[in-house]
Each structure stands twice: as structure tokens, then as C-alpha cells.
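Single-structure report; data block below.
Chains as they are written, first to last, in our numbering: chain A, 62 to 329; chain B, 1095 to 1329.
Printed below as a string of C-alpha cells:
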């Protein structure tokens, strides 16, 4: 089973968006064999379904579980990616300067722990964890992260900032299980600590102002798309101190399909 | 305190009336309480009616977040109005950014809660008995404690939020608090693993998550204005 293809099907924005008519949406749901659950969806839930983080709107236990474990499978792919990236970086002689090794050893330790933790969590939920994909960190020859330390830092920043946004985007999908939700939040903030540190090692601020990643190649633009948002639930965050501060005060989500698109660049 | 109130007016322009209302109603309740004491020595009832309760369900969680953001915003307001001597431009920039972010968070919660309920936490008063704002180490140590506490508070409170939109907003804020915590920790211990140190991240790679009652106990030394959150067993 291709995890990313599965996620694509389940987290496709159009599946829940207003672009699909209510009838189409219901038809789509019934394709997943949840006809019984449809009757329990109040009409007003159409609005909820268009929110960026899709809450699991059904009552059927299996649907809840799939939404939950699919979110964890996506997280596992991202952790596999980060874990392998830092492991290769640390084992490449002469790549990481001695002064920076402590930082990357700490980050690597956490990503490795996240892989183990997510696999154990999936197993405990009765689901087989997805296998590690084969990664190509050159993204088809576009990067040389294990030859050029600056590029190593660039991709590290991109992966960490992506991780923060991707976990956040799955919050609604895991909130049916309070234990999993809390653990996901606890991983999410660790990714943010990492992101801040790597950004600062690149002479950036630890936070993201506007949709500017900070001296990043255009190939990473999807990582920062939408980060310039200054409207939080109708509140204008730019009013007090301007758009840079207002946007930086909030990190934005990536949907499952957006995160998948970014990760896919590095998957063979 | 004056600085804080000025900034608050700047960010949330529409609800000065509401704050005045809260003040006035507080006075009214106190008067009623005094009357009660006068005719009946039931002091307990007086205390019950005059202390704000954060509320139930999502409103309680939002007021809880608002209390913490008020604290952080108040602290950084004091920091930027009296930078410690010898502060570098880089550190000035960081503290100015943190001040901006926390004031924006605070004013966001005020606006968001006001839009959902009349049960809006009033403006709290704070104290920093053990902080020397002229001393770099003291300011950084307090900032670190506040940011780590903020992260642990949001991580622990997420499970009490029932509305997924609120949950996502909390997620948007907590990662910025974690970015702050990382930067402050790195200022204290540059080049080390402290930015996500073993004192906060466990063997599973999980950050701290704390229950509201533990957070309020930890932050209680800073908070002068009493409040309760009975749903969480606080007060």
C-alpha cells in the first residue's frame, strides 16, 4: 500500500471543500462505506468540513480510527525523512562542523525517538506502521546537502518548518483520541524548537515573518506559502505592530496533501 | 502597568467599554459583598462572587490561554521598556519580537473570547518579586521559564478543547511559543543542546505537557489577581 496515495485520497482538499456539492460530498463519503454515518451528519457540518484542519466528522469508530491513524502514518513518513536525513548528515565525515554537532545530535536523537514512538502508537492502535520510503535528499539532483553544509542547513530548516506545519494540520484529525492528540502536540512543539534553532544558525529569526522562509531557494516556497496570513478567526494580527510581527506570531498549517507534496519531492 | 494598558487599547480598539463594564461590575459585586458581610457574616459567599471563574468547556480553556498570554505580554512589556544594561542589538530585537508576538496573542484572545461570550477574563495584575529587570541572567531565566511554561500549558490543554477551529488556533500559537523558548534557551546556552534540552524533552522525544492546575500553581507567584477555574479544580 502506498501511504502517500492513500493520504492523498483521504486528505484531498476538494473532498471536503465547498467546491464539491453536498451531494457529491456525500457520494464521496459513501464510497468509503460509511452510508450509515451520513444520516448522523447535521446539515451545519458542511461549514466545519471546510475548515483547514478537518475534524473527523463521523460517528463510525472505523472512520475515526482511519482518520486518526492516517494522520499518524503521514507523521511517520515525515519523521522517517527527518531521521534519515540527520543520520546521514552526522555520519558524513567533514560535513557538520564540530561546533554544530551537538545541536544536530540532539535533533537526530529526537527524530529517531519520534519514529519509534509513532510506530509503537500505530501498532497499539491495531494498525501496521508504514514502511520507510526510499529517500532521495538531492530531490532529483537539485540539492547536495551532504556535500555542501549550507545546503544541509537549508534543507534542515525546510524539513523542520514543514514538520511544524504538517503536525498542526493534523490536529483536527487526531483530536478524537485525547492521548494521541496530546502526544502529537508534544512532538509538534519539539519540531518548533528545532526549527527555531536551525533558522537561527542560518542567521534568520527563529520565527517566520510573512511567507519569507529567510534566504531560502525558491524550491522551498511551498514550505512557506500562506505563512504571511494576518487574519486569525477575523482578528487582524497586523494592526498593532505590522504584518511581519502579526504573521510571525502565528504558524500556519499545511494540509495533508500539501505536506505530502513537499515530502514527495524527496521520495523515490 | 500603564504601558500594558496602552498597548491593549491599540490592539483591541472596540472593547474598552467592556473592560469598563467589568470594572464597574466588579465594584458592584464588592459592594454587594460588603452589604452581605454587614447583615450576615457569610464571608465565603462574598469571596465566591467576587473572584472570576474562567468558565466551562472551551471558554474556560480560552480564558486560561488569555491569562497566560496576559502574563507573557506584561513581562515583555516591562523588559522592552527597561532593557537590561549592556544588552546587544540582537537581543533587543529578539525581546522586541517576543513582546510584539505576546501582545498580539493577548489581544487576539480578548477579541476572540469577547466574540463568543460575556465571560471574559478581566485584565490581570502581575508581580515579579524575584526578577531583576536590570540583569540579563534574571530576565533570560524568567523568559525561559515563561516560554517553557507556555508550551507545556498549551500542550496539556489541547485535549480539553472541543472545537477544532480553536484547537488549530492554539496549535498556531504554541509552536511560536516553542520557537521563542528555543531562542531564549540558546541565548542562555549557545552551541549546546539546551534549545530542546533533556530537561524538557523526554526519551520519547516529547515536549512537556502540564495540567492547568500545575501551570497555575507554577505561574501563581506572578499573578496578583485571583481567579478560579472550578472545572479544572483550581480555586
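The C-beta atom is built at its ideal place from N, Cα and C for all residues, glycine as well.
Look at the Cβ atom of residue i, then the Cβ atom of residue j, and state whether they are nearer than 9 Å.
i: residue 296(A); j: residue 1251(B); result: no
i: residue 1218(B); j: residue 1318(B); result: yes
i: residue 304(A); j: residue 287(A); result: no
i: residue 266(A); j: residue 186(A); result: no
i: residue 152(A); j: residue 1271(B); result: no
i: residue 1152(B); j: residue 1254(B); result: yes
i: residue 1274(B); j: residue 1237(B); result: yes
i: residue 227(A); j: residue 160(A); result: no
i: residue 1290(B); j: residue 175(A); result: no
i: residue 1147(B); j: residue 1321(B); result: yes
i: residue 245(A); j: residue 232(A); result: yes
i: residue 1301(B); j: residue 248(A); result: yes
i: residue 253(A); j: residue 1268(B); result: yes
i: residue 133(A); j: residue 189(A); result: no
i: residue 307(A); j: residue 291(A); result: yes
i: residue 1235(B); j: residue 1309(B); result: no
i: residue 1164(B); j: residue 1220(B); result: yes
i: residue 235(A); j: residue 129(A); result: yes
i: residue 284(A); j: residue 222(A); result: yes
i: residue 1257(B); j: residue 1207(B); result: no
i: residue 164(A); j: residue 1286(B); result: yes
Is DSSP giving residue i helix, strand or coil here?
i: residue 130(A); result: helix
i: residue 1165(B); result: helix
i: residue 196(A); result: strand
i: residue 323(A); result: helix
i: residue 1221(B); result: coil
i: residue 1227(B); result: coil
i: residue 95(A); result: Summary for residue 95(A): the model assigns pLDDT 34, below 50, so the residue's position carries little reliability; its value from the coordinates is reported in the next sentence. Coil, per DSSP.
i: residue 231(A); result: coil
i: residue 1147(B); result: strand
i: residue 1322(B); result: strand
i: residue 292(A); result: strand
i: residue 297(A); result: strand
i: residue 1278(B); result: helix
i: residue 86(A); result: Unreliable positioning characterises residue 86(A) in this predicted model, as indicated by a pLDDT of 35, which lies under 50. The coordinate reading is nonetheless provided below. Helix.
i: residue 1317(B); result: strand
i: residue 328(A); result: strand
i: residue 40(A); result: Since the first residue of chain A shown is 62 and the last is 329, residue 40(A) is not available in this structure.
i: residue 1207(B); result: helix
i: residue 1328(B); result: strand
i: residue 238(A); result: coil
i: residue 1299(B); result: coil
i: residue 1251(B); result: helix
i: residue 109(A); result: For residue 109(A), the pLDDT reaches just 32, beneath the cut-off of 50, and the residue's location in the model is therefore unreliable, although a value from the coordinates is still provided. Helix at residue 109(A).
i: residue 277(A); result: coil
i: residue 137(A); result: helix
i: residue 1310(B); result: helix
i: residue 220(A); result: helix
Under 9 Å between C-beta atoms, does residue i make it to chain E?
i: residue 263(A); result: In summary, chain E is missing from the structure at hand, where the protein chains are A and B.
Report, in whole angstroms, the separation of the C-beta atoms of residue i and residue j, which I expect to be a contact under 8 Å.
i: residue 1312(B); j: residue 1159(B); result: Residue 1312(B) to residue 1159(B), Cβ: 15 Å. No contact.
i: residue 20(A); j: residue 315(A); result: Limits of chain A in this structure are 62 at one end and 329 at the other, which puts residue 20(A) out of reach.
i: residue 1188(B); j: residue 1277(B); result: 6 Å
i: residue 1039(B); j: residue 1228(B); result: Given a span of 1095 to 1329 for chain B in the structure shown, any question on residue 1039(B) remains unanswerable.
i: residue 142(A); j: residue 220(A); result: 7 Å
i: residue 1303(B); j: residue 1249(B); result: 4 Å
i: residue 1162(B); j: residue 1239(B); result: Not quite, the Cβ-Cβ distance comes to about 12 Å (not below 8 Å), so this is no contact.
i: residue 256(A); j: residue 215(A); result: Actually they are not in contact, since the Cβ atoms of residue 256(A) and residue 215(A) sit about 13 Å apart, beyond 8 Å.
I want to verify the contact list: residues of chain B whose CB lies under 8 Å from the CB of residue i, in sequence order.
i: residue 229(A); result: 1262, 1265, 1266 and 1269
i: residue 298(A); result: 1198 and 1202
i: residue 233(A); result: 1258, 1261 and 1262
i: residue 212(A); result: Per Cβ cutoff of 8 Å: no residues; residue 212(A) is ~22 Å from chain B at best.
Which chain A residues sit within Cβ distance under 7 Å of residue i?
i: residue 1167(B); result: Per Cβ cutoff of 7 Å: no residues; residue 1167(B) is ~11 Å from chain A at best.
i: residue 1151(B); result: Under the 7 Å cutoff, chain A gives no residues; its nearest Cβ is about 14 Å from residue 1151(B).
i: residue 1295(B); result: 171 and 251
i: residue 1280(B); result: 258 and 261
i: residue 1277(B); result: 257, 261 and 267
i: residue 1285(B); result: 160 and 163
i: residue 1205(B); result: 296
i: residue 1245(B); result: 250
How would you list, in chain order, the residues of chain A whose beta-carbon sits under 9 Å from the beta-carbon of residue i?
i: residue 1173(B); result: Per Cβ cutoff of 9 Å: no residues; residue 1173(B) is ~16 Å from chain A at best.
Can you pull the chain A neighbours of residue i, defined as C-beta to C-beta under 8 Å?
i: residue 1290(B); result: 167, 168, 171, 251, 254, 255 and 258
i: residue 1303(B); result: 243, 246 and 247
Just to make sure I have the definition right: I need the residues of chain B whose C-beta is within less than 7 Å of the C-beta of residue i. Which are they?
i: residue 311(A); result: 1266, 1267 and 1270
Residues of chain B with CB under 9 Å from residue i, in chain order?
i: residue 236(A); result: 1252, 1253, 1255, 1256, 1258 and 1261
i: residue 220(A); result: Result: empty, since nearest Cβ-Cβ is about 15 Å, beyond 9 Å.
Just checking, does the region 274-290 of chain A make contact with the region 234-254 of chain A on the three C-beta pairs under 8 Å criterion? no
I'd like to know if the region 1213-1229 of chain B and the region 1287-1297 of chain B are in contact, where contact means that at least 3 CB-CB pairs between them fall below 8 Å. no
Check whether the region 194-210 of chain A and the region 142-158 of chain A touch, using three or more Cβ-Cβ pairs below 8 Å as the test. yes
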